[in-house]
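Read through the structure below, which is laid out as structure tokens, and then see the notes.
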Amino acid sequence: MNNINNVNIIMKILAKKYPDPKTELNYTSTFELLVATILSAQTTDKQVNKVTKYLFKKYNMPADYAALNPEELEKEIKSIGLYHNKSRYLIDCSKILIEKYNGIVPGLRKELIKLPGVGRKTANVILINAFNVNAFPVDTHVKRVSLRLGLASSNKPVEIEKELCKIVPENKWGQMHHWLIFHGRKICKARNPHCKKCILKKYCKKFQMDT
Numbered sequence: 000m001n002n003i004n005n006v007n008i009i010m011k012i013l014a015k016k017y018p019d020p021k022t023e024l025n026y027t028s029t030f031e032l033l034v035a036t037i038l039s040a041q042t043t044d045k046q047v048n049k050v051t052k053y054l055f056k057k058y059n060m061p062a063d064y065a066a067l068n069p070e071e072l073e074k075e076i077k078s079i080g081l082y083h084n085k086s087r088y089l090i091d092c093s094k095i096l097i098e099k100y101n102g103i104v105p106g107l108r109k110e111l112i113k114l115p116g117v118g119r120k121t122a123n124v125i126l127i128n129a130f131n132v133n134a135f136p137v138d139t140h141v142k143r144v145s146l147r148l149g150l151a152s153s154n155k156p157v158e159i160e161k162e163l164c165k166i167v168p169e170n171k172w173g174q175m176h177h178w179l180i181f182h183g184r185k186i187c188k189a190r191n192p193h194c195k196k197c198i199l200k201k202y203c204k205k206f207q208m209d210t
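Going by numbering that gives the first Met the number 0, the first residue of the sequence shown is number 0, and it counts up by one from there.
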């Protein structure tokens, strides 16, 4: 069975299992989503939500962050990994938004990736969740699950994105991104994956090789 046939079956199974796929980051504006996504690098969404619950009550506009110094912001986000770098990213990012975009988060990938702390994955997360643009963010969960299922073969996120975009219908990119994340968090974990109770084991390349 080729990857296109496989992915269609896998999507139907995941759609039934996770019927309402969306980001688990909490936000009320595109800028808050940008902040939360930058904070989420190498940190769980759950931990980010704990921090932003209080952070966004104090600071929820670019001007708020632009007025801070790094040490002030570090105190607010110190429970998150890489908080030194992230505090500077958020401040610098906010200043650029004010200077170049009138304080508005741009809706183009080529503009988003110019912002400090925003790589291709982060830009794609912003595009699908804030602008309803078809994109396929590849994080560690998407990478791990797609490789184990045999839907991708490269270890490079950009190449994995290209491979997945070829076999997943464009209007399903965002949903598939979330489905793979949910399945990676709940079942296909990095360590001790729950293979025996996995609903995709019949279509999983890794499971077939290990059994």
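Ideal Cβ placement from N, Cα and C applies to all residues, glycine included.
Everything numeric in this text was worked out from a predicted model, so none of it was measured.
Inter-residue distance for P105 and P192 is about 38 angstroms (C-alpha atoms, whole angstroms).
In the three-state reduction of the DSSP assignment, T29 falls in the helix class, which pools H, G and I. The beta carbon of S86 sits closer than 7 angstroms to those of P69, L72, E73, I76, all from its chain and outside the five residues before and after it, given in chain order. Contact between the segment 162-179 and the segment 109-121 is absent: fewer than three C-beta pairs spanning the two stretches fall below 8 angstroms.
Between V141 and H176, the beta carbon gap of about 6 angstroms places them in contact (Cβ cut-off 8 angstroms). With contacts defined as CB atoms closer than 8 angstroms, F181 and P18 fail to qualify as a contacting pair. Inter-segment contact for the segment 142-160 and the segment 102-116 is absent: fewer than three beta-carbon pairs are separated by less than 8 angstroms.
Counting only the Cα atoms, A62 lies some 12 angstroms from Y100. The straight-line gap separating the alpha-carbon atoms of V34 and T210 is approximately 43 angstroms. One alpha carbon belongs to K15, the other to E98, and they sit about 45 angstroms apart. For L163, the enclosing alpha helix (DSSP H) stretches over residues 156-166. Where L67 is concerned, there is no enclosing alpha helix (DSSP H), because DSSP gives it neither an H nor an E.
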